[in-house]
Structure formats: C-alpha cells, structure tokens
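Quick mapping for you: the protein sequence lines, in order, are chains A and B.
Throughout the first sequence, residue numbering follows the numbering used here, covering 24 to 261 in sequence.
Throughout the second sequence, residue numbering follows the numbering used here, covering 24 to 261 in sequence.
Number of protein chains: 2
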Amino acid sequence: MPSNGDAPVTAYDRLASSIRKQILSGELRPGHRLPTELALSTHYQVSRNTAREAIRALAGQGLLVVKRGVAGGTFVASPTTAQVSESLMSGLALLTDSADLSVSVLMEIREMLEVPAAELAARNRTDEELGAIHESLFDPGRIDPTRVFVNNRDFHTGVLRATHNPLLEVLAEPVFRVLKERFLRERASADFWVRVDAEHREIVGYLDDRDQAGAREASRAHLRYLRSVYEKIDRIQG
Amino acid sequence: MPSNGDAPVTAYDRLASSIRKQILSGELRPGHRLPTELALSTHYQVSRNTAREAIRALAGQGLLVVKRGVAGGTFVASPTTAQVSESLMSGLALLTDSADLSVSVLMEIREMLEVPAAELAARNRTDEELGAIHESLFDPGRIDPTRVFVNNRDFHTGVLRATHNPLLEVLAEPVFRVLKERFLRERASADFWVRVDAEHREIVGYLDDRDQAGAREASRAHLRYLRSVYEKIDRIQG
DNA sequence: ATCGATTTGTGCGTATGTATC
DNA sequence: TGATACATACGCACAAATCGA
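Structure (structure tokens):
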C-alpha cells in the first residue's frame, strides 16, 4: 500500500523543504537566483547530486526553473496562470481516479464558478473576446465530431477569459476538463451536441446584450442540463 | 531573464514527460508500481541518475510517490485532497508575488465559493462538524493574538468541511490562505478581530438553525466587509 | 569567431534502508 | 533474530551547453 505523508527523512527532501519554505515565506522572491548546485551542496553538506534532486522536486512543483550554461542557474519561478491551472488539473485527475470526486461534487463547483462567470462575462467582455466566443459555436446542422470537443472547450475558455478574472480560468478549467475526460470520451450523441450548441447560443445572446441576469440564468440552466447528462452516464458506467 | 516554457530538451525531461503522459492518460493508474530505476534507465537508454531526476520531478508534481527498501519502488500517487490543495496554494502564492492577482480578483473568487459554501454547510452539516466550528470562535472579550489566526482558519476550514464537498476545501482554502498571508501578517487591529468574530457568530447562528438563506447572506456580508478591509490595506501598502 | 570559464546534464559506483526467509 | 536480497539514497567524475571576452 503506497502512501507517504511523512516528514522529510531523506537528504534531498530536507533540502527541498528548506528551500520551499524560504520561497513560500517570501524570503526568496520570483526571479531570484539560487546558489549554484555546487554551492548548495557544500553549504548543506550533501553531494551535488542530492542538491540536484531537491531542485528537481521543486521544479516539478513549479517553484523553480533551471537554465544551463554560464549565465544559467536555478531561479525562483514566475509561473503563468496556465501552468498553475495545468498542475491543478493533473491533481484533480488523480483525485477522480483514486478517490471519490462524484459527479455531484464536481458539478456543484462548476455551478459555483461558471454561473457567476457568465454574469461577469456579460459585464466585462470586450468585443474581441465576444468574437472569440462566437467562433467557438458549432454549425448545428453539421456537427463535426473532430471539432466538437475543441469548440466546446473554446467556448468555455472564452467565457472564463471574458470575465477578466484570471483566477477563474485557473480554477474552473481543471474542473471542466476533468469532467470532460471522465464522461465525454466517446459516448455523447449528436443530439447532445446539438442541444449544447443551442444553449451556448442562448448564453452568447445574453453576452451580446451585456445582459448579466440573462447570462447567469442561461448558464445555470445549461449546467443543470449537463449535470443530468453526466449523472445518467455515471449511473450507467459506474 | 529566467523563463522556460520550452519543449523537453534534456533527457530527464523527456523521460518525465513520457511517464507523465502515461499517468494522465490513465494508462498508469494510482497505485501502479513503475519499473525500478535500473529497469527504467536501461529501457530508456539513460543513466540511473537521469531516471531518478525524472522520477523526482514527477514526485514533486504529486504524480509519484517513492518508497525505499526491498518492497519499495516508485508508485503512481493517490494524492489526498490536502496535498492537491497545498500544491495549489504554493502556485497561487507565486502568482500573487510575481504577477498581478489583485485583491478584487481574489475576493471575487472567495465570494463565488464561500457564499454558496455557507449555504451548503447550513444544509449538510453534522452536529459534530458544527461543534468544531463553535470551537473556532474567539472569546470576543479577550482576543488572544497567538490564537486568532488559527481560530480564524479553523472557522473557515470548518465551514468548508461541513459542506461535504471536498473539492470546495481544495479550491477555497488556497485562496483564503494566500489572502491571509498577503494582507494579515501583522497589521490587523483588535477591532478588526472583534468584528470578524461577531460576523462568524452570526453565520454560526444560521448554521445552528440550518437556515440556508440566512447563512448565505451573512457570509456575503462578511466577505463584503473583508473586501473593504483588504482593499484599504492594499491601497496603503501598494 | 574562438577560446575559456562557469553552470547544469549525465554516467557509474557505493552506502543505506527495508521486508522477507 | 540475523542474514540476505533488492530497492532507493548518496557521492564523485566527466560531458555538454552557454555566454562573454
């Protein structure tokens, strides 16, 4: 039974914890250059290899970036929102695999985030962002099965981006993607996509008019429909 | 200028990407034991050291856990919600440091998550969870500056836990902690804590009665107050 | 443009921890 | 309980990349 929530017992773990603490406390700020591997290893009385493993672990956490060459070195990372979002996505993916994130739990979060998101997007969208959202709509007469996933995601991302709250994208995207991966791999019918597109178009209409209440309620209805579909799939496939 | 969004060029990076892909595609499921370092290194034609660094990077991402000894090895992780939450927290901490997560953006997310959370908690709380929340209240007559932070956090966590939506804790805790770290390091007055405690008590009253609407609105008012305080601090300290 | 100094990347060998017999 | 086998942890040496003089 693999499980490891222990305190640091290995050398690289101690070193990683030490550096991590300094970063999170603000002692080391983004862009700061750490000592070289040699300097770290001598200072902490470990081999260079051990220091490297600690650095690698923190780089995996997105806290450090490494550049080689004479002007290279190890730097405290300035992560992008996309990187943080990606990291959250992989964490949630594993949680849904191993533990028990039910459809209900995931959809509850989507409702909390995306209903207000639609409202915010109606208020804050630029014309350019609105155009990008329009681009993501399907041609309801001819559903293209190769484009439908990317269109669906583009719509979703477009609305989140139009809120002008970057954190919303960081948090909501992973939840959206995890649900999609879990329930929409193949088994969606054409009818499903036709209805999704129709509801997207309704939401877009409210975004056009900057109708915040309309966008909010249309988004709520859309998510209610998605919940019913996902829960039905969930009952079938376990 | 440190920045690195490159494609994998180093050997350990290639190996890490390869394994990461297998994990996220579901090919390797949580609990699965990977080949030994020696087997990995021979199979991928790299040294054991390189394989180790790839493993370390993925372990940092929370995708792998490593156990030593004869029955040890490298396993696909079964992360806990707390680990995913911690990882998100460090990501958000760096984002607030380097980039620009404004108070408004952070508080907007808190409102989206915590207002519905209070409503859910009023509906789903057990008596035991309610007891834990009561424990977190201050003694408003005697504010203990050493306990006030942990009490405040316990209240917050207690409400999230009482929603019975584990994802809520994963997402909301990091936002809460980042705001706290950034704005409440020292500069909160006793008056502030007295008012916070009073508003907590009001929310708890609604949780006692399972009054969902009451809890929701009290939470909304509480967050509105916090927003005003944080924004004021933000204007002062830049 | 080449050389050289500095830094990380990679390879191999040994030490140590851990479950089993 | 002690030996043993096998896994990861650690240490040293060399290769490769990068940038400036």
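Cβ coordinates follow ideal geometry from the N, Cα and C atoms, glycine included.
Can you tell me where the beta strand (DSSP E) holding residue i begins and where it ends?
i       : result
B/Thr97 : 96 to 99
A/Leu87 : 87 to 90
Who are the neighbours of residue i on chain A, taking C-beta pairs under 7 Å?
i        : result
B/Val69  : Chain A residues near B/Val69: none, gap ~14 Å exceeds 7 Å.
B/Ala116 : Leu47
B/Val128 : Asn188, Pro189, Leu190
B/Ser110 : Gln84, Ser110, Gly114
B/Arg52  : Asp120
Taking Cβ positions, are residue i and residue j nearer each other than 8 Å?
i        : j        : result
A/Ser121 : B/Pro53  : yes
A/Ala80  : A/Ala141 : no
A/Leu191 : A/Leu136 : yes
B/Ala211 : B/Ile226 : no
B/Ala144 : B/Thr186 : yes
B/Thr104 : A/Leu194 : no
B/Ile132 : B/Val198 : yes
A/Thr97  : A/Leu51  : no
A/Gly114 : A/Ala100 : no
A/Thr180 : A/Glu204 : no
A/Glu152 : A/Arg184 : yes
B/Trp216 : B/Ile259 : no
A/Val303 : A/Leu246 : Lying outside 24 to 261, the shown extent of chain A, residue 303 of chain A is not represented and no answer is given.
A/Val126 : A/Asp257 : yes
B/Ala62  : B/Val201 : no
A/Leu249 : A/Ile156 : no
A/Met130 : A/Tyr253 : yes
Could you check where the alpha helix (DSSP H) with residue i kicks off and where it finishes?
i        : result
B/Val219 : 213 to 232
A/Val32  : Here A/Val32 belongs to no alpha helix (DSSP H), and DSSP marks it neither H nor E.
A/Ser242 : 235 to 260
A/Ser64  : 60 to 66
A/Glu76  : 71 to 83
Along chain B, in chain order, which residues have C-beta atoms closer than 7 Å to that of residue i?
i        : result
A/Glu9   : Within the shown structure, residues of chain A are numbered from 24 to 261, placing residue 9 of chain A beyond reach of any answer.
A/Ser113 : Leu47, Gln84, Leu86
A/Asp100 : The sequence as given places Ala at residue 100 of chain A; Asp does not occur at that position. What A/Ala100 touches in chain B: Leu117.
A/Val227 : Here the premise fails: no neighbours, minimum Cβ distance about 22 Å.
Closer than 9 Å by beta-carbon distance: list the chain B residues that pair up with residue i, in chain order.
i        : result
A/Pro10  : Shown here, chain A extends from 24 to 261; a query on residue 10 of chain A therefore has no answer.
A/Glu131 : Pro139, Leu143, Thr186, Asn188, Leu190, Leu191
A/Leu207 : Within chain B, no residue comes near A/Leu207; the closest Cβ sits about 14 Å away, beyond 9 Å.
A/Leu136 : Ile132, Met135, Leu136, Leu194
A/Val219 : The premise fails here: A/Val219 is roughly 23 Å from chain B at the closest Cβ pair, so nothing lies under 9 Å.
If the cut is a Cβ gap below 9 Å, which residues of chain A does residue i touch?
i        : result
B/Pro58  : Result: empty, since nearest Cβ-Cβ is about 15 Å, beyond 9 Å.
B/Arg243 : Result: empty, since nearest Cβ-Cβ is about 12 Å, beyond 9 Å.
B/Val182 : Residues of chain A passing the Cβ test: none, with the nearest at roughly 14 Å.
B/Val93  : Per Cβ cutoff of 9 Å: no residues; B/Val93 is ~15 Å from chain A at best.
List, in order along the chain, the chain B residues whose C-beta lies closer than 8 Å to that of residue i?
i        : result
A/Asn72  : Asn72
A/Val173 : Correct list: empty, because the minimum Cβ distance to chain B is about 18 Å.
Along chain A, which residues have their Cβ under 8 Å away from the Cβ of residue i?
i        : result
B/Thr104 : Leu118, Ala122
B/Ser251 : Ordered by position in chain A, no residue passes the 8 Å Cβ test against B/Ser251, which lies about 19 Å from the chain.
B/Leu160 : Chain A residues near B/Leu160: none, gap ~26 Å exceeds 8 Å.
Since residue i and residue j should fall inside the 8 Å C-beta cutoff, what is the C-beta to C-beta distance between them, to a whole number of angstroms?
i        : j        : result
A/Asn174 : A/Phe161 : 6 Å
A/Glu60  : A/Ala74  : 5 Å
A/Leu111 : B/Leu111 : 5 Å
B/His223 : B/Phe172 : About 14 Å; that fails the 8 Å criterion.
B/Ile78  : B/Val89  : 7 Å
A/Glu76  : B/Glu76  : 6 Å
Could you tell me which whole alpha helix (DSSP H) segments of length 4 or greater appear in the stretch 113 to 196 of chain B? Runs of the alpha helix (DSSP H) inside the stretch 113 to 196 of chain B: 126 to 147, 150 to 158, 171 to 185.
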